[in-house]
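Undergrad: As numbered in our numbering, residues 1443 to 1941 make up the first sequence, in order.
Quick reminder that beta carbons are idealized off the backbone N, C-alpha and C, glycines included.
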Amino acid sequence: MKNNQENKEVRVRFAPSPTGSLHIGGARTALFNYLYARRNNGKLILRIEDTDKERSKKEYEDNIMRSLSWLGISWDEGPYRQSERESIYKEYIEKLLKEEKAYYCFCKKEELERMREEQRDRKEPPRYEGKCLSLSKEERERRIEEGKEFVLRLKIPKNEVIEFNDEIKGRVKFDAKDIGGDFVIARSDFSPLYNFVCAIDDFKMQISHVIRGEEHTSNTPRQIIIQKMIGAKTPHYAHISLILGRDKKKLSKRDAAVSLEDYKNEGYLSQAISNFIALLGWHPGGEREIYSLKEMEQLFSLKDCQKVGAIFDTKKLEYMNGQYIRKMNLDDLTKKCIPYLINDNLISQKKDEKEGSTDYKVSETGEDMDFEKLSSIVSLYQERMKKISEIKDIADDFFKENVLESKDILSWKDMSKENLIESLEKGIRVIESVEWEKSVLEEELIKEANTQKDRGRFLWPIRAALTGKKASASPFDVIWVLGRKTSLKRLRMAINALN
RNA sequence: GGCCCCAUCGUCUAGUGGUUUAGGACGCCGGGUUCUCAGUCCGGUAACACGGGUUCGAAUCCCGUUGGGGUCACCA
């Protein structure tokens, strides 16, 4: 006999089907389950719903688990795979058949489709009317003998109202006659279908709370019926509102980036993603909106979940990601930036044949570059990045031989060629003679800039010559990071370009 | 179409009958800092879908209308 303690244990599950990579919606469902388990000292079970053998792929299963881990979601049990539990389902199918709660159906697909169309035309809800229910035992056996294709259907009790208390939506009622008739629970090879395995597994795994997307609301009465038939207790249900695309429809593959891995690759931080998607449909109240996973684990409650779908707005995600990037320590940020620089062939990792602090090589110049230098480059853009991937575009000039694609970039307001050259030459003189100390460098450059009628006349050409960009970090920072030698070289190249 | 669910600024939301001239955040606009772009600081724009009730009082409760979403497979 189970004691109360055991009955009260919170057990939730995340049950993805491995037919695609983990996407934003699935990630949020997983997150809510995880948070709920943590908040209530419960367990999270990972269950792979791979009953569709055609569409299920191992690579997707791997992707899902990888993405969950990346997000910081860990599970306490599993992964269980439904493909490995077929004997359990078979047992129940046979039991139901024996008790005549399920039956064989030999109707052809085309036949059924025609029937559904007719029902639709008559403006009736499409449902299976139970044609094969009346087949005699002999007839049934004869057809099986003949090798006729069949499926197994569940005998749905008529005139019954299935009611459940949704933890988010409140009381939800379904009329048994509205759930589509005697639905199919297994194919002819006895391989079971979703609603059936889901109900069995939630029971077998003693799931206390089923937290899943709203699209499953209408499956709930079917699963409750099955649970009743096998004498299982129904778990609590909570259907969370959907994440919508810009078109206000369920977020789907059609929407730009939906796979979590895409976001990871673009340089979103997992903390930013979990924070952001959690707040899409959940809010603990008040005006705060930056929460760590740990904090959310303490605060999460189904009561604070929104009933309405939320549009996925990338702008705010970007903002939030920028916030998290700014909060990172520089070494960690640099480590995250390096793969993007390598991938863009701006730098390469040196084979560690020799001892030494130089770990990287600049592809274009062949120059060595150590981690410290890289992090000083990254530091200039920590406040400017929204996504890590931006580093390769925003800071590429640090890894190039010639940054000046066009001399046009050098001009500032109405300055003449002579004026520009003059500014660049002044810059060269300051850099050549100044004591190599960042504060002194900045001081001297500003002093020089202040002799102009506007500082831009001095600073813009220099910064442009140094970076080849309209937008960048300040010339002081750039010179300091670039170093005296490279800075002078670039300024001279700019003068040459003007002449 | 049947069934189910829902409805506060463009978006995410706070708000659970009076403390609200409806608060915050993103976005957008303007300004300060500034050679540029960011960042940062300051300010502004903008919403209770509509109509009936209930009540001394409704964004908050009830009903209806409209609108939106979900779902109706031998997918999950």
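Quick one: using the 10 Å Cβ neighbour count with 16 as the cut-off for buried, is isoleucine 1767 buried or exposed?
TA: Mapped onto the first sequence, residue 1767 falls at position 325. That one is buried.
Undergrad: Less than 8 Å between the CB atoms is what I'm expecting for alanine 1906 and arginine 1897, so what's the real figure, rounded?
TA: In the first sequence, residue 1906 corresponds to position 464, counting from 1. In the first sequence, residue 1897 corresponds to position 455, counting from 1. Not a contact, Cβ separation roughly 14 Å.
Undergrad: In the DSSP assignment, find the unbroken alpha helix (DSSP H) run with lysine 1736 in it and report its ends.
TA: Here residue 1736 refers to the residue found at position 294 when the first sequence is read from its first residue. It spans 1735-1741 - the alpha helix (DSSP H) in which lysine 1736 sits, taken as one unbroken run.
Undergrad: Starting from the Cα of glutamate 1832, find the closest Cα among Gly1869, Asn1763, Val1626 and give me that residue.
TA: Taking the first residue of the first sequence as 1, we reach residue 1832 at position 390. The candidate whose alpha carbon is nearest that of glutamate 1832 is Asn1763.
Undergrad: Can you tell me which of the three DSSP states isoleucine 1386 falls into?
TA: Examination of residue 1386 is not possible in this model, given that the chain is present from 1443 through 1941 alone.
Undergrad: Pick out whichever of Ile1667, Val1614, Lys1611, Ala1472 has its Cα sitting closest to the Cα of phenylalanine 1625.
TA: Position 183 of the first sequence holds residue 1625. If we check each option's Cα against that of phenylalanine 1625, Ile1667 comes out closest.
Undergrad: Just the C-alpha distance for tyrosine 1478 and serine 1743, rounded to the nearest angstrom, thanks.
TA: Taking the first sequence and counting its residues from 1, one reaches residue 1478 at position 36. Taking the first sequence and counting its residues from 1, one reaches residue 1743 at position 301. Approximately 7 Å between the Cα atoms of the pair.
Undergrad: Nearest by alpha-carbon distance to arginine 1826: which of Val1872, Lys1842, Trp1902, Lys1769 is it?
TA: In the first sequence, residue 1826 corresponds to position 384, counting from 1. Among Val1872, Lys1842, Trp1902, Lys1769, the Cα nearest to that of arginine 1826 is on Lys1769.
Undergrad: Rounding to the nearest angstrom, what Cα-Cα distance links arginine 1956 and leucine 1735 in this structure?
TA: Given a span of 1443 to 1941 for the chain in the structure shown, any question on residue 1956 remains unanswerable.
Undergrad: What's the C-alpha gap between leucine 1539 and serine 1525?
TA: In the first sequence, counting from the first residue as 1, residue 1539 sits at position 97. In the first sequence, counting from the first residue as 1, residue 1525 sits at position 83. Distance between the alpha carbons of leucine 1539 and serine 1525 is about 21 Å.
Undergrad: If you measure between the beta carbons of isoleucine 1752 and leucine 1722, is that distance less than 7 Å?
TA: As a first step, residue 1752 is located in the first sequence; it is residue number 310 there, counting from the start. As a first step, residue 1722 is located in the first sequence; it is residue number 280 there, counting from the start. This sequence places alanine at residue 1752; isoleucine is not what is there. The answer is yes: Cβ separation under 7 Å.
Undergrad: Compute the Euclidean distance between the alpha carbons of glutamate 1566 and serine 1511, then round it to the nearest angstrom.
TA: Within the first sequence, residue 1566 is the residue found at index 124, counting from 1. Within the first sequence, residue 1511 is the residue found at index 69, counting from 1. Whole-angstrom Cα-Cα distance: 46 Å.
Undergrad: Looking only at C-alpha atoms, which of Ala1469, Asp1810, Leu1596, Asp1839 sits nearest to leucine 1908?
TA: The residue given as residue 1908 occupies position 466 in the first sequence. Residue Asp1839 is the option with its Cα nearest to leucine 1908.
Undergrad: Whole angstroms is fine: what's the gap from threonine 1756's alpha carbon to isoleucine 1515's?
TA: As a position in the first sequence, residue 1756 is number 314, starting the count at 1. As a position in the first sequence, residue 1515 is number 73, starting the count at 1. Their Cα atoms are separated by approximately 22 Å.
Undergrad: So isoleucine 1653 and alanine 1680 are supposed to be a Cβ contact under 8 Å. How far apart are they, rounded?
TA: To locate residue 1653, count along the first sequence from 1; it is residue 211. To locate residue 1680, count along the first sequence from 1; it is residue 238. At roughly 5 Å, the Cβ-Cβ gap stays under 8 Å, so isoleucine 1653 and alanine 1680 are in contact.
Undergrad: Tell me whether tyrosine 1679 sits in a helix, a strand or coil according to DSSP, three-state version.
TA: Counting from 1 along the first sequence, the entry for residue 1679 is found at position 237. Looking at tyrosine 1679 - three-state DSSP - the assignment turns out to be strand.
Undergrad: Measure the alpha-carbon distance for threonine 1461 versus serine 1498 and round it to whole angstroms.
TA: Counted from its first residue, the first sequence places residue 1461 at position 19. Counted from its first residue, the first sequence places residue 1498 at position 56. Their backbone Cα atoms lie some 5 Å apart in a straight line.
Undergrad: Skipping 5 residues on each side, what residues in its chain have a beta carbon closer than 8 Å to that of glutamine 1669?
TA: Translated into positions along the first sequence, residue 1669 becomes position 227. Result list for glutamine 1669: Ala1641, Asp1644, Phe1645, Lys1675, Thr1676, in chain order.
Undergrad: Tell me where the alpha helix (DSSP H) around tyrosine 1782 begins and ends.
TA: What you label residue 1782 is simply residue 340 of the first sequence in a count that begins at 1. Per DSSP, tyrosine 1782 belongs to the alpha helix (DSSP H) from 1772-1785.
Undergrad: Look up glutamine 1713 in the DSSP assignment and say whether it is helix, strand or coil.
TA: By 1-based counting over the first sequence, the position of residue 1713 is 271. If DSSP states are grouped into helix, strand and coil, glutamine 1713 belongs with the helices.
Undergrad: How many Å lie between glutamate 1496 and valine 1452 at the Cα?
TA: The sequence position of residue 1496 within the first sequence is 54, counting from 1. The sequence position of residue 1452 within the first sequence is 10, counting from 1. Between glutamate 1496 and valine 1452, the C-alpha separation is close to 34 Å.
Undergrad: Between phenylalanine 1754 and valine 1804, which are expected to be in contact by the criterion C-beta below 8 Å, what is the C-beta distance as a whole number of angstroms?
TA: Position 312 of the first sequence, counted from the start, is the residue given in the question as residue 1754. Position 362 of the first sequence, counted from the start, is the residue given in the question as residue 1804. The Cβ separation is near 39 Å, so there is no contact.
Undergrad: Which stretch, first to last residue, makes up the beta strand (DSSP E) that contains phenylalanine 1616?
TA: As a working mapping, residue 1616 is identified with position 174 in the first sequence. Unbroken beta strand (DSSP E) run through phenylalanine 1616: 1612-1617.
Undergrad: What first and last residue would you give for the alpha helix (DSSP H) that runs through phenylalanine 1383?
TA: In the structure as shown, the chain begins at 1443 and stops at 1941. Residue 1383 is therefore absent and cannot be evaluated.
Undergrad: Buried or exposed: proline 1599, going by 16 or more other Cβ atoms within 10 Å of its Cβ?
TA: For this step, residue 1599 is matched to residue 157 along the first sequence. Proline 1599 is exposed by the Cβ-count criterion.
Undergrad: Counting along the chain, where does the alpha helix (DSSP H) carrying valine 1452 start and finish?
TA: Residue 1452 sits at position 10 when you count from the first residue of the first sequence. Premise fails: valine 1452 is in no alpha helix (DSSP H) and is neither H nor E.
Undergrad: Which runs of the alpha helix (DSSP H) spanning at least 4 residues fall entirely within the region 1802-1870, listed in chain order?
TA: Entirely contained in the region 1802-1870, the alpha helix (DSSP H) runs reaching 4 residues are, in chain order, 1813-1823, 1833-1836.
Undergrad: Leaving out five residues before and five after glycine 1572 in sequence, what residues of the same chain have Cβ atoms less than 6 Å from its Cβ?
TA: Taking the first sequence and counting its residues from 1, the one referred to as residue 1572 is at position 130. Result list for glycine 1572: Asp1624, in chain order.
Undergrad: What is the rounded straight-line gap between the Cα of phenylalanine 1638 and the Cα of lysine 1590?
TA: As a working mapping, residue 1638 is identified with position 196 in the first sequence. As a working mapping, residue 1590 is identified with position 148 in the first sequence. Using only the alpha carbons, I get a separation of about 23 Å.
Undergrad: Can you tell me which residues form a DSSP beta bridge with histidine 1658?
TA: Against the first sequence, residue 1658 aligns to sequence position 216. According to DSSP, histidine 1658 bridges with nothing at all.
Undergrad: Buried or exposed for valine 1882, please, with buried defined as at least 16 other CB atoms from any protein chain shown within 10 angstroms of its CB.
TA: On the first sequence, position 440 is the one that residue 1882 refers to. Looking at its Cβ environment, which holds fewer than 16 other Cβ atoms inside 10 Å, valine 1882 is exposed.
Undergrad: Quick one: is tryptophan 1902 buried, meaning 16 or more other Cβ sit within 10 Å of its Cβ, or exposed?
TA: Here the question's residue 1902 lines up with position 460 in the first sequence. Buried: at least 16 other Cβ atoms inside 10 Å.
Undergrad: For tyrosine 1522, report the span of its alpha helix (DSSP H) as first-last.
TA: Indexing the first sequence from 1 puts residue 1522 at position 80. From DSSP, tyrosine 1522 is part of no alpha helix (DSSP H) but of the beta strand (DSSP E) over 1519-1523.
Undergrad: Pull up the distance between the alpha-carbon of valine 1454 and that of aspartate 1746, whole angstroms please.
TA: The sequence position of residue 1454 within the first sequence is 12, counting from 1. The sequence position of residue 1746 within the first sequence is 304, counting from 1. If you take the alpha carbons of valine 1454 and aspartate 1746, they lie about 18 Å apart.
Undergrad: Ends of the alpha helix (DSSP H) at asparagine 1707?
TA: For the purposes of this step, residue 1707 is taken as residue 265 along the first sequence, with counting starting at 1. Start and end: 1702-1708.
Undergrad: Please look up how many angstroms separate the CB atoms of leucine 1473 and serine 1509, rounded, as I've assumed it's under 8 Å.
TA: The residue you call residue 1473 lines up with position 31 of the first sequence. The residue you call residue 1509 lines up with position 67 of the first sequence. Leucine 1473 to serine 1509, Cβ: 11 Å. No contact.
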